[in-house]
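Sequence order for the protein chains is Z and A.
Using this note's numbering, the first residue of the first sequence is number 1, and each one after it goes up by one.
Using this note's numbering, the first residue of the second sequence is number 1001, and each one after it goes up by one.
Even glycine gets a Cβ: it sits at the ideal position worked out from N, Cα and C.
All of these numbers come straight from a predicted model, not from anything done at the bench.
Contents: one structure, followed by commentary.
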Amino acid sequence: MSVAEPSAAPATAHPPSTVRLPGIAAGTTLRFVLLLMTVLTAAVTMLGELAQFLPPQNHALACDLATGFDPASDELANLLRTGDPAAVERCVSSLPYAGRWRAPAGVLAVLAAAAVLYLWLPRWRNRGSRVVPLSRLDPDGAARAELTALAGQAGLAAPPGFVVDPAALARGAVTYGWFGRYTVRLHGGLLLSRMTDPETFRATVLHEYAHLRNRDVGISYAVVALFRAFAGLVCLPYLVLVGGSLLGAQFFGWFVGADEVLWPAARTPLIRQLVVASFLLVMVQLARVDILRHRELHADADAVAAGADVRVWATAAGGDPEPPRPHPVRARLRRLLRTHPSWPDRRRSLADPAPLYALSGVQFFLLGWAALFLVLQLESITSTGVACWVVGTPVAAVVTISVWRTVGYAVATGGAAPTGVAAGSWLGTGLVTGELTSGFTGGPQWFPPRPEVLLLLLLAAIVFVGWITQCARLRLASWRGGPLRASLGVALAAGVLVAVAGLDLWQRILRLRLLGDLAGAFGFGDTITRSFPGPWDAHQTELSLLTRTLLALAVAGADQIAIGAAVVLWLFPLVWWTWWAPRGGGLPGLPRLLLPGLAGGAVCLLGIVAVMAHQHSWQPPAGELRVGAFALLYAWWSGAAIWVGSAVTALAVAATARPYRLLRALLAAGLAQIVALVGLAVLASVDGCLGPLRTMGDSCHVLPAVAWPLLVILTGPALLAVFGAALVAGVGALLAAPLHRLAARRRPAPRSAAATRGRARWAVVAVICGGALLATGTASYGARTSSTSGLAAAVPAESTSTAGPKLRAMQLLMWWKLGGQAHVLELTSAYQGYNRFIQELAATRPGPDGTVPLDVATLRARCDALRLGATGAEGYLRVPDADLQGRWADGLATTRRAAEDCARVLDGPDESAPLEAALGGLVDAENQLLPTIEALNAAVSDALRYWPGLRRDGP
Amino acid sequence: MAATVPEVVRDVITEVAPHELPLVEGLSRLPPDRVAGLLRRPHRPEELGFGLTEAVAALTPVVWIAVDEASRMGVKALADGVGGRLRRLFRRRSRPALPATVPHLTREQLAAVHDRVRAGASAAGLDDPAARGVADHVVARLVLEPPAAPRAER
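Below, the structure is given as structure tokens:
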């Protein structure tokens, strides 16, 4: 019973058991894949942690300590103190690490165990002491004939193999096997019921056939096997080891995984590791049983569609009443953890299959949680960009497919279409939980310093799902039962791009805000005032705003994926609107869609005019170059005008327009930007002619070339304003929708699409698309030409250590052992070589002309050794002691300069007078460096008092 | 010629519930020593299976379990003595082994089998006369059997 003609489908009290959505699969396989990715990533991470469990092997920790890492301090302070993350990475990768193969080998072992379970389970179930081939019990072949007929009825090309478990008296069956070799095991009771209760027999067999047709048998067993291997080989040992280490350190003073030096600061991370691991186990289990339950309900629906008698389910539900519910929460939990839906649930699902066409809130939560967990783990293995693509693609695909199925079902049955708010909230909650459980987990705090930033994540998820939902409704409103594969493909591509861009922006920019004002802490304000000189004293408020925003805007504005996604966010609905609106669905016409955008563009331009008037008021005199602070503030304020104008437009449209609030708000905001950018280009080209608005020019000429640099800088960040507008529109729509629903009772339905003439409609849309593409091109040109590295090269502020003497001693020892000692030895031996050379030179008797023959090659080699020693030491980690580091850095710099002078003099044409100066310079440098080295030696000897155990490994 | 447990069950089921014969056929192909245990096992729903969890009302398990039990008890009674008691001390937990054929049963044992089958058949949904009829069939089949030569258990 399938409905192909939704307009003809009456919305009766008994919806059909299945609705045909051509080209939209259930997406179960995709969710399995996501589950697989989560389990594998978790295994890699947890086994990696186990492999590095013992402190001497924890090189990352050793390198962190060598840079001054203080486990009791917060993340931001540690980031500041460490200074150069690249140096830490070099430090970790330079260390020989015997356990590097352990985590991958462990994952391979888990996979092998899962494979063995997977291959062995069917054999075990098929063992001769339990089952008998059907052919032995069916001499006349009647049962076989009926099973074959049912296979044809269910749409199977060939029936599977059959065995009978004669000792099982329940009327059940189970399918298992792999690689197309499937077997259905009939219970003895079911075989008997072929005669006594043929409907139950047929329903059960058709249900198993539905699993075969849905191709979910092999993968279900794979998931069960993988989960068992993961739980037994990874999760359990992990919980035991970490838990044991925590208990040992807390109550008995044994330090296994928790190094004494890190205690008690390591307590929180250890507890968090335990919580995260348990949480992971629960999440994976929840995802697993939910997928298995969903698979059952699907098979029920397919079995009924293939001709099974629905009364079998009704009878079973009547005979198997749900257990009495003493406690609603407990009952709910039990329901959540069952791999099989209860019979009443099954019957409900057959009566109203809507839940089959939607993901549950739990699934959206898991999706969000897995997305962030995966990105954070994969990022450390690959790069942020790769991680976002690898994770964003399946997550967006699952969300999009689920939304399309829900909307498709609602359209086909005439039910109410979902808004996506509930699903989005679950997704967002999952994302927030993922960030909290596996995000910044270094410090002893439970929450990041600025947890309110997480609200952005929640809101973004709601807007994302809302956007996909409205796009799906836009398409499906005019659906008449035709194939949907192509439409879904386009929507998938758009959804993936937006999801990847969103993850990317969160990972690279927004989540850093959880730590607080990073740019300010790194002294980015000073970088701005140095790079853009000007009267900053009069613009302190603006400077603080710039410090907070400029770096993020510069990084995001150069992110071509983010820019592409920002444009797709509004251009894609516009094109679809133009394409599908005339085909029905009661959509408003194009003019009502575009006018708010034009008005918004005017608002943006008004803002830009105000900025120009303000800039004119403190314009540097004619003839002076208008660069530095003046130009920067002009560009920044213009961008701000576009951001604020777009946001206001989006908010206004989202609060008033109906239906498709979000899409129309985004359309208006996007159009407003394009209008504003075009207007800005015109205004800047004729800048000199504008009298009180003159900003850069002084005389009236049309100079598009003047506007170009401004546009190149501004277009990228300005296009990103759509993201801001989307969030604002989300808030507006969330607040306005309930109010409108109240008011809607007193108002007639909105007018339907006015028939705009086709050609004119497409011409307008083509112009808008052209503008948007031009802007994208400009932005990506800007992204390629402008280097943000100049802006990003922030100078870390010096900070004093708050660590106690014992920890500081450990930090210094780690610095010393991991490479400091080697560098000191290299430098001292280079100086010894140099000293020998000078002594030999002094001992050489002068020749007849009073000069000494100079062995240029040897001297050159001595100087090179010194230069290499100094540069190498400069590239190594900074001494985790502010005073020593200052002297050490000065000494190294002096040595390097003197050695470079030496080389320059030897290479140069004139080698008389400056040579003596250069050789003398090296002696001076040595005299400067040696006391520092002595001080270092003394400090290290002193530190060994606290940690005598570290002495035996080194001299 | 003494009969095995499956043979006795097949004879009874052919008389009282011929449609259950495929079940008897299937059970006869399993290791005889383990069948009654498998039949006694409570039903656990399988993780990836489907179907009605309640068992069908069938007589085969009732008869099979009763005959199986009776065979083991008959042997036990024969083996009781000093040696038997000593052996039982060590095999306290495990059931007596199933003899190759159904041994000769005493009157008391036959009465116990009758009660068991009657109760089981009632539980399987038969009314009292029918249940009594089934029990009579089983006992008759066991009595008809010429007594096997008392053999020591394997």
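Near chain Z, meaning a CB-to-CB distance below 7 Å, the residues of the segment 1005 to 1032 of chain A are H1019, E1020, P1022, L1023, E1025, G1026, L1027, R1029, L1030, P1031. Nearest C-alpha to R171/Z among V1056/A, H1019/A, T1014/A: V1056/A. The Cβ atoms of A222/Z and L121/Z do not sit closer than 8 Å to each other.
C-alpha of P1099/A to C-alpha of G141/Z: approximately 34 Å in a straight line.
Counting only the Cα atoms, N927/Z lies some 13 Å from L827/Z. For the C-beta of T200/Z, the chain A residues within less than 7 Å are, from N- to C-terminus, L1052. Among the residues facing chain Z, A1124/A is not included, as its CB has no counterpart in that chain under 8 Å away. Contact between the segment 878 to 889 of chain Z and the segment 811 to 830 of chain Z is present, with at least three C-beta pairs closer than 8 Å. Shown in chain order are the members of the segment 287 to 307 of chain Z whose Cβ falls below 8 Å from a Cβ of chain A: L292, E296, A299. Neighbours of M195/Z in chain A, taken as residues whose beta carbon is under 7 Å from its own, are H1019 in chain order. Contact between the segment 916 to 933 of chain Z and the segment 893 to 905 of chain Z is established, with three or more Cβ pairs separated by less than 8 Å.
Annotation: the continuous alpha helix (DSSP H) that includes H298/Z extends over 267 to 305.
In this model, A873/Z and T844/Z are separated by some 33 Å (Cα to Cα). The continuous stretches of beta strand (DSSP E) do not include V603/Z, which lies in the alpha helix (DSSP H) extending over residues 590 to 617.
The three-state secondary structure of W637/Z, taken from DSSP, is helix. Taking 8 Å as the cut-off, the Cβ atoms of L270/Z and L246/Z count as close. DSSP places E1054/A within a strand segment (E or B) once states are collapsed to three.
When DSSP states are grouped into helix, strand and coil, H211/Z belongs to the helix group.
Neighbours of L169/Z across chain A, judged by C-beta separation under 8 Å: L1039, H1043, A1055, V1056, A1058, P1061.
Counting C-beta pairs with one atom in each stretch, the segment 594 to 607 of chain Z and the segment 622 to 633 of chain Z have fewer than three that are closer than 8 Å, which means they do not touch. One finds L1048 in chain A with Cβ atoms closer than 8 Å to the Cβ of S220/Z, taken in chain order. Contact between the segment 409 to 425 of chain Z and the segment 527 to 534 of chain Z is absent: fewer than 3 CB-CB pairs across the two stretches fall below 8 Å. Against chain A, the CB of V174/Z has a partner CB under 8 Å away; the residue lies at that interface. For R1034/A, the neighbours in chain Z by C-beta distance under 8 Å run, in chain order, S129. Per DSSP, A1003/A is not a residue of any beta strand (DSSP E), being assigned neither H nor E. Ranked by how close their Cα comes to the Cα of E1046/A, the residues A168/Z, L119/Z, M810/Z have A168/Z in first place. At a cut-off of 8 Å between C-beta atoms, P353/Z does not count as an interface residue with respect to chain A.
Distance check between A412/Z and each of G368/Z, I468/Z, V463/Z, P353/Z places P353/Z closest, using alpha-carbon atoms only.
One finds L1023, G1026 in chain A with Cβ atoms closer than 7 Å to the Cβ of G188/Z, taken in chain order.
What T204/Z touches in chain A, judged by beta-carbon distance under 7 Å, is F1050, G1051, going in chain order.
Contact check for A157/Z against A306/Z fails: the beta carbons are separated by 8 Å or more.
When DSSP reads this structure, F162/Z sits in a beta bridge with V184/Z. Residue-level contact by beta carbon holds for V132/Z and chain A, with a gap shorter than 8 Å. Under the rule that a run must span 4 or more residues, the alpha helix (DSSP H) segments found entirely inside the segment 450 to 532 of chain Z read 454 to 476, 485 to 508, 518 to 521, 524 to 531. At least one CB atom of chain A sits nearer than 8 Å to the CB of H207/Z. Judged by pairs of C-beta atoms under 8 Å, the segment 648 to 658 of chain Z does not touch the segment 706 to 717 of chain Z, as fewer than three such pairs exist.
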